[in-house]
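To keep things clear, I will list the structure first and then write my remarks on it.
Numbering (the numbering used here), first residue to last: 5 to 380.
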């Protein structure tokens, strides 16, 4: 119980720190009444201390949605895009800082049970599916920036969900099996691998946050995500980085499974029998991971947009200066002199340049960097 509480508190504090840092970065660009009220009365720090920062962001999105429905127009769509981007990032951090460790703890306890019930298996599959769905939601949020013809359809969404499930699922199960027989060593394993991944993120010279301390925290969080799943953090050719990552993960999974099998052989009399032969379980897990890699290749070959383009939304009414400036800086607009007015919101396609501009800050910088990484 103490470990579970520690996981919950650590994850919540991590999310609040990121939320507070992002609000600090964009304190002059608050656009919703909820955020303006909290900032004007000096409550931003207090709200995050009481772990309510994420709820403020949800309230801001709800305010934007209600305003849009009430006025019957996409008046605040640019603001909503930024809000949804930060929320999707926070949900991704939560999935791998809270949900994944909880699932590992739960599975490690379930493995020690004498019987494995069907309903328990369903709960495990549902939890793994939830992790994959969170990654899919983040990906769909990034795909919302591309022209309509590049938006994710049902086929691409299903394939993306399945290959993430096939990669994240075996990884979580392998760590859970290891934790079930060698619980005292799981912390050492995590810290050792996490430190290597953290140093790898530092070596890639990430530039996601506006402060040095925030950037180090981001790199540490990336290392945590990489412990479970691949997450691109730099632009350019990432093929070799992806290969290195999956080779390391396969080797680490084989090490964990080998130690688990050895420990079960030594203490077979004490441990509860498994509903499946150990060698069959190992073969199933490794086959699933390899199949996930193959499906990932199929997705990026057939369904991932290859044009480095963003979609910016314009409206008939000129947006507020701050919102217009944010939209303008995101895509390095080059206006077409032949552009004509239409009654519907106009769609303007622009080319994404590598995220190297230092004058961008806050959410504009984060979105531009993630967009640049996304279309590599």
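Yeah, the Cβ is synthetic: ideal placement off N, Cα and C, and Gly gets one too.
For residue 223, does the count of other Cβ atoms within 10 angstroms reach 16, so buried, or fall short, so exposed? Counting every other CB atom within 10 Å of its CB across the protein chains shown gives residue 223 a total of 16 or more, marking it as buried.
From which residue to which residue does the alpha helix (DSSP H) around residue 280 run? For residue 280, no alpha helix (DSSP H) segment is defined, and its DSSP state is neither H nor E.
Would you call the CB atoms of residue 132 and residue 173 closer than 9 Å? With contacts defined by Cβ atoms closer than 9 Å, residue 132 and residue 173 form a contacting pair.
So what's residue 167 in DSSP terms, helix, strand or just coil? If DSSP states are grouped into helix, strand and coil, residue 167 belongs with the helices.
Where the alpha helix (DSSP H) through residue 26 begins and ends: Run containing residue 26: 6-29, per the alpha helix (DSSP H) assignment.
Can you grab the Cα-Cα spacing for the pair residue 102 / residue 15, in whole Å? Using only the alpha carbons, I get a separation of about 5 Å.
Measuring alpha carbon to alpha carbon, tell me which residue in 294, 219, 285 and 226 is nearest residue 251. Nearest C-alpha to residue 251: 294.
Taking only runs that begin and end inside the segment 64-116, name each unbroken alpha helix (DSSP H) of 4 or more residues, in chain order. The segment 64-116 contains these whole alpha helix (DSSP H) runs: 81-98 and 104-115.
Pick from 19, 207, 120 and 107 that is closest to residue 175, judged by C-alpha positions: Minimum Cα distance to residue 175 is reached at 107.
Using the rule of at least 16 other Cβ atoms within 10 Å of the residue's Cβ for burial, across every protein chain shown, is residue 442 buried or exposed? The structure shown does not extend to residue 442, since the chain is modelled only from 5 through 380, so no value can be given for it.
How about residue 229 and residue 97: do their beta carbons lie closer than 9 Å? The answer is yes: Cβ separation under 9 Å.
Do residue 171 and residue 300 count as a contact pair if the criterion is CB distance below 9 Å? Contact flag set, yes.
Take every Cβ of the segment 155-171, pair it with every Cβ of the segment 206-224, and state whether three or more of those distances are shorter than 8 Å. Cβ pair count under 8 Å is below three, so no.
Residue 234 - DSSP class collapsed to helix/strand/coil: Correct three-state label for residue 234: coil.
Between the C-alpha atoms of residue 288 and residue 248, what's the straight-line distance to the nearest angstrom? The C-alpha of residue 288 lies about 22 Å from the C-alpha of residue 248.
Determine whether the beta carbon atoms of residue 267 and residue 185 lie at a separation below 9 Å. A distance below 9 Å separates the beta carbons of residue 267 and residue 185.
Let me know if residue 61 comes out buried or exposed under the rule of 16 or more other beta-carbons within 10 Å of its beta-carbon. Burial call: buried.
Which of helix, strand or coil does DSSP assign to residue 213? Under the three-state reduction of DSSP, residue 213 is assigned to coil, being neither helix nor strand.
With DSSP as the reference, label residue 208 as helix, strand or coil. Reduced to three states, the DSSP call for residue 208 is coil.
If you compare alpha carbons, which of 99, 263 and 13 is closest to residue 283? Out of 99, 263 and 13, 263 has the C-alpha closest to the C-alpha of residue 283.
By how many angstroms is the C-alpha of residue 56 removed from the C-alpha of residue 274? Rounded to whole angstroms, the gap between the alpha carbons of residue 274 and residue 56 is 46 Å.
I need the boundaries of the alpha helix (DSSP H) containing residue 39, first residue and last residue. From DSSP, the alpha helix (DSSP H) with residue 39 extends over 37-44.
Could you name the residues of the same chain whose beta carbon sits closer than 7 Å to that of residue 128, not counting the 5 residues immediately before and after it, in chain order? For residue 128, where only same-chain residues beyond five positions count, the Cβ hits under 7 Å are 111.
Identity of the residue in 227, 306, 36 and 86 nearest residue 207 by Cα: For residue 207, the nearest C-alpha among the options comes from 227.
The alpha helix (DSSP H) that contains residue 275, what's its start and end? Per DSSP, residue 275 belongs to no alpha helix (DSSP H) and is neither H nor E.
If residue 303 and residue 160 are in contact, beta carbons under 8 Å, what's the gap, nearest whole angstrom? Between residue 160 and residue 303 the Cβ distance is about 7 Å, and since that is below 8 Å, they are a contact.
Taking the Cβ atom as the reference point for each residue, do residue 40 and residue 47 lie within a distance shorter than 9 Å? For residue 40 and residue 47, no; Cβs fall outside 9 Å.
C-beta atoms of residue 210 and residue 238 nearer than 9 Å: In contact: residue 210 and residue 238 (Cβ atoms closer than 9 Å).
Assign residue 296 to one of two classes, buried (16 or more other C-beta atoms within 10 Å of its C-beta) or exposed (fewer than that). Around the beta carbon of residue 296, 16 or more other beta carbons lie within 10 angstroms, which makes this residue buried.
DSSP three-state call for residue 242: helix, strand or coil? Looking at residue 242 - three-state DSSP - the assignment turns out to be coil, as it is neither helix nor strand.
Report yes if the C-beta distance between residue 233 and residue 135 is below 9 Å; otherwise report no. Taking 9 Å as the cut-off, the Cβ atoms of residue 233 and residue 135 count as close.
Could you spell out the range, first to last residue, of the alpha helix (DSSP H) harbouring residue 56? Here residue 56 belongs to no alpha helix (DSSP H), and DSSP marks it neither H nor E.
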